[in-house]
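In this note's numbering, the protein residues as written are 22 to 83. Backbone N, C-alpha and C fix where the C-beta goes; we use that ideal spot for every residue, glycine too. Bear in mind that the values here come from a model prediction, so they are computed numbers and not experimental data. First comes the structure, then the notes that go with it.
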């Protein structure tokens, strides 16, 4: 399910901010979350971005 967001791997925090906005993420944190748009009949989904040395190295959707 992370396929649509794999392009973020390797991007810096500043690049992610330009792509997705800040979404109330604290810049120094190593994990950022983004609430994904969902249709009314599905549960909400959250995109988790895991940073290592200020670049995305892992993505999960739950």
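query, result
"Integer-rounded CB distance, given that residue 55 should sit under 8 angstroms from residue 44", "5 angstroms"
"For residue 80 and residue 47, the rounded distance between their alpha carbons", "17 angstroms"
"Which of helix, strand or coil DSSP assigns to residue 34", "helix"
"CB contact flag (residue 11, residue 71, <8 angstroms)", "An answer regarding residue 11 cannot be provided, because it is not within the stretch 22 to 83 covered by the chain."
"Candidates 27, 25, 26 and 32, of which the one nearest residue 77 by Cα", "32"
"Nearest-angstrom Cα separation, counted from residue 57 out to residue 63", "11 angstroms"
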